[in-house]
Amino acid sequence: MLRKRVLRIMTLVSALWFVVPFAGCSSPEAPSDDEVAEVLDSAKSNLVFVEGGEFWLGDVGNESGVLFNPIADDNKPPKRIELDGFSILKTEVTWGDFVTFLRDVGRAEDYTIDNGFTRAVTLPIISSDDPASPNYKHKPARSPNFQEAENYCLWLAEKTRLPFSLPSEAQWEYAARNRGQAIAFATDTGEVDLDKYLQRPSYAIDPMQPVSGNVLIHSSIDVERRPVGSYPPSPLGLHDMTGNVAEWTKDWFRPGFDHLSTKNPVAIEPSREYAGKRVVRDLAGTGDHLGGSATVYARMGRELDNYLYGFRCVVNQPEPINELP
């Protein structure tokens, strides 16, 4: 049994070394109309409508008044916010859908080793699959920068004629907290039951290891993740808003919420002190975060060229899209 395990690990490591040098060696063709239509149909069918309302944005603490994220000061004090209804993708955007977009707009080759994108070791853009990462196409995409994440949502908007965009920070937190409930984690239970996947010291990728628990949070030195939707959804019907990957929002970063309006707020102007940083939510998705820094209240500002983060899109329409005329 041990010998088989070692051989499997060696095979996967060998596959990784094979993928890296050749990640950019073939020219990607434009996707077919059917491939694009499949992405668009999937996006529309995977939307969850979130009824609008009022809530306190920021760390509100539990019923006993104990803060969920006591160390951080950039999510306090909470601010009363009103949001119109919107729809949000139930899962993070997958590599498969993201690569179809990049091929459609002719930028897939921009993010390959051959064209100087050194981070392509974790981004086999042209590959239809990655032997070192089973089910790669169904795992959350890590956009090579903020702009391509935003561009993907705008591409959906252009193709579907629906007002897709990245979520505002307020929309993201409102949805993660089941319309503003005072919960710690965006899981089915509001608590975390860690999946043991990749928790072993070897960090070997084992596609035979079944999903367990309700969330994946593991070392940030390992880029491997589970396919989207692997864990039970939140009561609102959303997956992986705690864990898997951290997610971009459209807001420019500033500490606190005093700068935000009280109605459908979006921080559209960068501050001088934090210029060049957008808000990323779900620090549990970056790995190595437990306790308060893994809660739905944790936030951080990250440079626009950061390549570690995933995303999901929203539709800024106050009623479900299937009710539109």
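Read left to right, the sequence shown gives residues -23 to -1, 1 to 302 (mature numbering (1 follows the signal peptide of the UniProt record, and there is no 0)). Glycine included, each C-beta is placed from N, C-alpha and C at the ideal position.
Beta-carbon gap between residue i and residue j smaller than 8 angstroms
i           : j    : result
C130        : S120 : no
A147        : L34  : yes
L237        : N122 : no
K116        : F234 : no
N191        : D217 : no
V27         : S64  : yes
G278        : R255 : yes
V25         : L285 : no
V231        : W149 : The sequence given here has Arg at residue 231, not Val. No, the pair does not count as a contact, with Cβ atoms beyond the cut-off.
L193        : R203 : yes
E69         : R289 : yes
D172        : S189 : yes
K67         : N23  : yes
K21         : W72  : no
residue 303 : V292 : Missing from the structure shown is residue 303; the chain here goes from -23 to 302 and no further.
K240        : E59  : yes
S145        : P242 : yes
Which residues DSSP lists as bridging residue i, in chain order
i           : result
P117        : T71
residue 309 : Examination of residue 309 is not possible in this model, given that the chain is present from -23 through 302 alone.
R255        : W229, R279
I192        : Ile is not the amino acid found at residue 192; the sequence shown has Val there. The partner list for V192 (beta bridge, DSSP) reads L171.
F141        : V292
residue 357 : The question about residue 357 has no answer, for the chain in this structure spans -23 to 302.
Collapsed DSSP secondary structure at residue i in the structure displayed
i           : result
G278        : strand
R80         : helix
G214        : coil
G287        : strand
residue 371 : Coverage of the chain is limited to positions -23 through 302, which leaves residue 371 absent and any answer about it impossible.
A(-1)       : Bear in mind that a pLDDT of 35 at A(-1), under 50, signals an unreliable position, so the number given afterwards is only what the model happens to contain. It is coil, neither helix nor strand.
F234        : coil
Y208        : coil
T272        : coil
N299        : helix
G262        : helix
T95         : helix
E127        : helix
E201        : coil
E146        : helix
E135        : helix
Q186        : coil
Whole alpha helix (DSSP H) elements within the region 149 to 174, 4-residue minimum = Runs of the alpha helix (DSSP H) inside the region 149 to 174: none found.
Using 8 angstroms as the Cβ pair cut-off and three pairs as the minimum, do the region 249 to 258 and the region 62 to 81 touch?
-> Inter-segment contact for the region 249 to 258 and the region 62 to 81 is absent: fewer than three beta-carbon pairs are separated by less than 8 angstroms.
Whole runs of the beta strand (DSSP E) within the region 2 to 67, excluding any shorter than 3 residues | Assignment of beta strand (DSSP E) within the region 2 to 67, counting only whole runs of 3 or more residues, yields 24 to 27, 30 to 34, 56 to 60, 63 to 66 in chain order.
When the Cβ atoms of the region 41 to 48 are set against those of the region 222 to 229, are three or more pairs found closer than 8 angstroms?
-> The region 41 to 48 is not in contact with the region 222 to 229.
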